[in-house]
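Visitor: Quick note, the sequences are listed as chains A, B and C, same order.
Quick note on the numbering used here: the first sequence kicks off at 58 and runs consecutively.
Quick note on the numbering used here: the second sequence kicks off at 301 and runs consecutively.
Quick note on the numbering used here: the third sequence kicks off at 3 and runs consecutively.
Before we start, here is the structure in question, set down as structure tokens.
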Amino acid sequence: MITFKMNNLDVTAEDGWTILDTARFFGLEIPTLCYNEGLTPWGGCRLCLVEIGEAPKTKLVTACTYPAQEGLVVHTDTKRVIKTRRMMIELMLSTAPMSKEIQDLASKFGVTQQRFEPRNEECVYCGLCIRMCDEQMDARAIGFQNRGFKRKIGTPFNIQSEECRLCGACMYICPACSARCGGPNADTDICNACLTMEPTCLDEYDELQCWMYDAGRCGTCVQEKGK
Amino acid sequence: MTGKKRTPKVKQKKLKIQDLAKIRDKARAIMTIRDGEGRGRVTVHMGTCGIAAGAREIMDALLDQLSKSRVKDMIVTTSGCAGFCRREPMATVELKGQPPVKYIDLTPAKIRKIVEKHVLGGHIVAEFALAIGSETIY
Amino acid sequence: MKKYRTHLLVCAGTGCVSCNSFKIKEALEQEVQKRNLQNEVLVIATGCNGFCERGPILLVQPEGIFYQQLKVEDVPRLVEEHLLKGRPVKKLMYIPPSEKEPIPKMKDIEFFKHQRLIVLRNRGRIDPEKVEEYIAFDGYEAMAKALTKMTPEEIISEISASGLRGRGGAGFPTGKKWDVCRKEKKTPKYLICNGDEGDPGAFMDRSLLEADPHAVLEGMVIGAKAIGAEKGFIYIRHEYPLALQRMEIAILQAKEYGLLGKNILDTGFNFDIEVVQGAGAFVSGEETALIASVEGRIATPRQRPPYPAQKGYMGMPTVINNVETWGTVPNIIRRGAAWFAGLGTETSKGTKIFSLVGKINNTGLVEVPMGITLRDIVYGIGGGIPDGRKFKAVQIGGPSGGCLPSSKLDLPIDYESLTAAGSMMGSGGMIVMDEKTCMVDIAKYFLNFLRDESCGKCVSCREGTQRMWEIVKRITEGKGKQSDLALLEELATATMDASMCGLGQTAANPVLSTLRYFKREFEIHIKEKRCPAGVCLALIQYEVIPDRCTGCLACKTSCPQDAIRGTLKDVHLIDQEKCIKCGACYEACKFEAIETERDPAIRIVERAR
């Protein structure tokens, strides 16, 4: 049993758990994209970032891959985390603006601007399809090709794979193509059909201390203050 | 690129620690030249005048005598004309911590004697010497 | 070994080899033979001498005479004059720029005078393909001591006391890393030498591997004894064929002599080393990516902890250190931790090798004690900026490092002070820049490198470097927006914070450091659409200076686009619509009279708007 602190709460984890496993067990919400319970964690989307350590030596790590350690100090929603998380969503949005899942994430986490040239690709290289094909379907028909900005996902030599059983698991699990957004309002790049609300308590505190886990979206605390 | 493929012709004996020290001492004595250091230096003056007067034979004799006497820590070098062309072949012997000595009118026999008496024995051979003093070696 | 009176040490590091130094060696051997000097004069090919600006290089010992910029045609005269007649050849010696008299001896030349050679102590003086020569200069003595007179704990305590920090870039205390690994109970344990050296402009590790491979081997055996490993890997990037070859030869020789392999020096200690070739990725220099590559998988970094010292190669405890670190170890064991700790600063002990390149007179490899100022390196050892230009900035630490301006020239070089100034020690690459370098262009160059080399796993690094490059590129094309600088900083900070490995975490440095010290230059590019240094193609144009033009038609003939109008004896005119700014006209005008340079009649100006 490993004991450490998360958002100033004492939490305990089993041996081999990650920060994300512990958070989920205790009901603390940490957003993810490339994480799936049935697959090995990848740590590529960088959405599940949390801030560990004590000031001034803190750093951001992905909760899905970082192992729980005795005495660790973790904060899930500090200013630095939220700012960085938003940038990750903004980057993914500019790559694949038509993905409903990413659009929803944008709304939920207050991404209100799109400052990069949209590329209208279908893929954010989260690797879920590859891991699904490898670990759950045991086919290993697809994989990453090239590195860096030239990265692609495909079959070896881009020819029809004999290993692929056409099961459709890759399409099922893909966050970008599993559901298509209805289409943004013509004037904006970001769908504004969903409501976007700025977490309000960040003006007062350096981190979200909302025990309702609503990330300040209900606006109650603002009404309380203004009372 | 050198691209030489090395295949050992004779099976090299594997070293023990004492062997390491022996190789080092043997090789070191020969390699000190790479640092430009040594117990001393013999300079054979080989300007055109020197060579015409037979400095090459002096050099050969010098190297031969040093080798015969197993002297390994002396630096042998050449220099240009020393200026005193009438008395060529000439050589300067400079042992560390001692002033350099200029020898003149050399013959192979004389240089061999100088090796034995001066280089090995530390005694200047006065009858062959011209002067004792400093001179820049370039 | 025969005794010779003169040793001719020919530099055969890759730099000089590419300038024909092997042919020069052959020519020397032939000429020596021809003159019947083969029993007196020995010709040896050594590793890199360090003064790469002046290659091909020849050092004549024992006089210590330094010859430079040799050609095969120079050899006969050199042998006749220097070796036969004893008259060193002045014309082939080094003359400092803006001076007239040559400096004959290597130890008097500024470039060499201020260096303190510890790791590179054997450079230019031994044949790296002969293990006896390495032994001659106390080689393998430290290993013998470690294997017979020291316990693993004592070795580690000695390394810790010396204050040695990893020379690969991060500067992690080496003794601590070894101690963590030693305490791990799982076996077998492994040792890895990181010879991937991907930084553009860096060649420290290559030099050491080519000049003194046995130093690395000796260090690794000592490390193996310290942590309890029986197998090691040396990972050398594929782009270093000479280093790979020399290392293979060194390992073969060491094994023949019983200095590696089973029962080393008859002490019962076993340690074997295998050479692994890299596959062309900068990211495989990152330690977890390197381990993946050695295991045969794609070089992608993974989350740490667990660190390689706990779980590395095949999940086993592994110590992975840089080539230079391994090369320093035998010196510490042989001469003692106190001696090493006496050099350098409070937090950064010992010496460091830097590759001094760029706009500098004395390009080459230098080893200096930590704490030396940048000014001493650039102006003392480096000899200042060529062509009378002014110093503008120095990039330290490769693409992960940052640019430091002239206000930082008196900064002492150590890990902490460089990081505080916004740069990084990195592997030790130093690229000097003058007033004709555009800092925005430099940021673009490094971002281009990083976006190409990113492994692609993290959104922050893959997309971040790409988007930063796009923004900076637009700025160099005169399409920058006012909001771009704030966006760049925000994006750079996010990339730095969110990325998993060192590549992404430091990818922001080229941008952040140039923004910190050269913001004005960025603003000029954006607001005024000008490039003050005259580099960004979209913002400059070539034009003819009417008073200087002699109407010689040289530029017109050289233009691939046929963009120059003019007739003989008439002032020429460059058609800006057709011009692609290749610079051919500029070169043709400058060298119009064959082999003599003249003041060109063409200049680069900022583009008329």
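Here a beta-carbon is modelled for each residue, glycine too, at the ideal position from N, C-alpha and C.
What number of angstroms, rounded off, separates the C-alpha of Lys392 of chain C from the C-alpha of Gly384 of chain C?
Guide: Roughly 14 Å between the two C-alpha positions.
Visitor: Under three-state DSSP, which class holds Ser159 of chain C?
Guide: Of the three classes helix, strand and coil, the one that applies to Ser159 of chain C here is helix, per DSSP.
Visitor: So, under 8 Å CB-CB, Ile398 of chain C and Leu420 of chain C are touching, yes? Tell me the CB distance rounded to an integer number of Å.
Guide: Contact holds; Cβ gap of about 6 Å.
Visitor: Can you tell me whether Ile316 of chain C is buried or exposed? The criterion is at least 16 other CB atoms within 10 Å of its CB, across all chains shown.
Guide: It should be pointed out that residue 316 of chain C corresponds to Met in this sequence rather than to Ile. So Met316 of chain C counts as exposed.
Visitor: Less than 8 Å between the CB atoms is what I'm expecting for Glu220 of chain C and Gly287 of chain C, so what's the real figure, rounded?
Guide: Not confirmed; about 23 Å, so no contact.
Visitor: Anyone know if the C-beta pair for Cys105 of chain A and Thr115 of chain A falls short of 8 Å?
Guide: Result no, Cβ atoms of Cys105 of chain A and Thr115 of chain A do not sit closer than 8 Å.
Visitor: Quick check on Gln305 of chain C - is its C-beta less than 8 Å from some C-beta in chain A?
Guide: Chain A, which has a Cβ nearer than 8 Å to the Cβ of Gln305 of chain C, makes this yes.
Visitor: Taking its Cβ as the centre, do 16 or more other Cβ atoms sit within 10 Å of Pro319 of chain C, making it buried, or is it exposed?
Guide: The residue in question, Pro319 of chain C, is buried, as its Cβ has 16 or more Cβ neighbours within 10 Å.
Visitor: I'd like to know whether the C-beta of Pro124 of chain A is nearer than 8 Å to at least one C-beta of chain C.
Guide: Closer than 8 Å to some Cβ of chain C, the Cβ of Pro124 of chain A qualifies, so yes.
Visitor: Identify the continuous alpha helix (DSSP H) that holds Thr152 of chain A and give its terminal residues.
Guide: Looking at the DSSP string, the run of the alpha helix (DSSP H) that includes Thr152 of chain A is 136-152.
Visitor: Can you tell me which of C:Phe235, C:Val359, C:Ala252, C:Pro78 puts its alpha carbon nearest to the alpha carbon of Arg56 of chain C?
Guide: Answer by Cα proximity: C:Val359.
Visitor: Out of C:Leu406, C:Ser162, C:Gly382, C:Ile582, point me to the one whose CA is closest to Lys115 of chain C's CA.
Guide: Measuring from the Cα of Lys115 of chain C, the nearest candidate turns out to be C:Gly382.
Visitor: Please return the same chain residues whose Cβ sits closer than 7 Å to the Cβ of Arg103 of chain A, not counting the five positions on each side in sequence.
Guide: Excluding positions up to five away in sequence, the list reads Thr119, Met145.
Visitor: Helix, strand or coil: which one does DSSP assign to Gln397 of chain C?
Guide: Gln397 of chain C: strand per DSSP, three-state reduction.
Visitor: Starting from the beta carbon of Lys459 of chain C, find every residue of chain A whose beta carbon is closer than 7 Å, and list them in chain order.
Guide: Correct list: Gly101.
Visitor: Mind listing the chain A neighbours of Ala468 of chain C? Cutoff is C-beta to C-beta under 7 Å, in chain order.
Guide: In the sequence as displayed, the identity of residue 468 of chain C is Gln instead of Ala. Those within 7 Å of Gln468 of chain C in chain A are Phe206.
Visitor: Listed from N- to C-terminal order along the chain, which residues in the region 132-159 of chain C have their beta-carbon within a distance smaller than 8 Å of any beta-carbon of chain B?
Guide: For the region 132-159 of chain C, which is checked against every Cβ of chain B, the residues closer than 8 Å are Glu134, Glu135, Ile137, Ala138, Phe139, Asp140, Gly141, Tyr142, Glu143, Ala146, Thr150.
Visitor: Taking the beta strand (DSSP E) that Glu407 of chain C falls in, what are its first and last residues?
Guide: According to the sequence provided, residue 407 of chain C is Pro. The question's Glu does not apply to it. Unbroken beta strand (DSSP E) run through Pro407 of chain C: 404-407.
Visitor: In terms of alpha-carbon separation, which member of C:Tyr192, C:Val607, C:Leu541 lies closest to Gln312 of chain C?
Guide: Among C:Tyr192, C:Val607, C:Leu541, the Cα nearest to that of Gln312 of chain C belongs to C:Tyr192.
Visitor: Which residues bound the alpha helix (DSSP H) around Val182 of chain C?
Guide: 176-185 is the span of the alpha helix (DSSP H), which, as asked, contains Val182 of chain C.
Visitor: Enumerate, from N- to C-terminal direction, the unbroken alpha helix (DSSP H) stretches of 4 or more residues contained entirely within the region 7-70 of chain C.
Guide: Entirely contained in the region 7-70 of chain C, the alpha helix (DSSP H) runs reaching 4 residues are, in chain order, 16-19, 23-36.
Visitor: Which class does Phe273 of chain C belong to by DSSP, given the choice of helix, strand or coil?
Guide: Phe273 of chain C falls in the strand class under three-state DSSP.
Visitor: Cβ of Thr332 of chain B within 8 Å of Cβ of Arg7 of chain C?
Guide: No.
Visitor: Contact criterion: CB-CB distance below 8 Å. Does Gln32 of chain C meet it with respect to chain B?
Guide: It does not: the Cβ of Gln32 of chain C has no partner Cβ on chain B nearer than 8 Å.
Visitor: Return yes when the Cβ of Pro99 of chain C is within less than 8 Å of the Cβ of Asn363 of chain C, no when it is not.
Guide: Contact flag set, yes.
Visitor: How big is the Cα-Cα spacing for Ser429 of chain C and Gly400 of chain C?
Guide: Roughly 7 Å between the two C-alpha positions.
Visitor: Please list the residues of the region 498-520 of chain C that have a C-beta atom closer than 8 Å to any C-beta atom in chain A, keeping them in chain order.
Guide: Residues Asp499, Ala500, Ser501, Met502.
Visitor: Could you run through the region 254-280 of chain C and flag, in chain order, every residue whose CB is less than 7 Å away from some CB of chain B?
Guide: The residues in question are Leu254, Glu258, Tyr259, Gly260, Leu261, Leu267, Asp268.
Visitor: Check for me: the beta strand (DSSP E) holding Val370 of chain C runs from which residue to which?
Guide: Element bounds for Val370 of chain C: 366-371.
Visitor: Assuming Ser209 of chain C contacts Cys21 of chain C (C-beta within less than 8 Å), just tell me the rounded distance between them.
Guide: Between Cys21 of chain C and Ser209 of chain C the Cβ distance is about 15 Å, and since that is not below 8 Å, they are no contact.
Visitor: Go ahead and label Leu252 of chain A buried or exposed: buried means 16 or more other beta carbons lie within 10 angstroms of its beta carbon, across all protein chains shown.
Guide: Here Leu252 of chain A scores only 39 on pLDDT, less than 50, and its place in the model is too uncertain to base an answer on.
Visitor: Any Cβ of chain C within less than 8 Å of the Cβ of Gln312 of chain B?
Guide: Yes, contact with chain C.
Visitor: Is the separation between the beta-carbon of Arg285 of chain C and that of Leu505 of chain C shorter than 8 Å?
Guide: For the record, residue 285 of chain C in the displayed sequence is Val; it is not Arg. Their beta carbons are under 8 Å apart, which means Val285 of chain C touches Leu505 of chain C by this criterion.
Visitor: Is there at least one Cβ from chain A nearer than 8 Å to Leu489 of chain C's Cβ?
Guide: Yes - at least one Cβ of chain A is within 8 Å of the one on Leu489 of chain C.
Visitor: Express the C-alpha separation of Phe82 of chain A and Ala148 of chain C in angstroms, rounding to a whole number.
Guide: Going from the Cα of Ala148 of chain C to the Cα of Phe82 of chain A covers about 51 Å.
Visitor: Could you round the C-beta distance between Ala231 of chain C and Trp180 of chain C to whole angstroms and report it? I think they count as a contact, below 8 Å.
Guide: So it is not a contact: roughly 10 Å between Cβ atoms.
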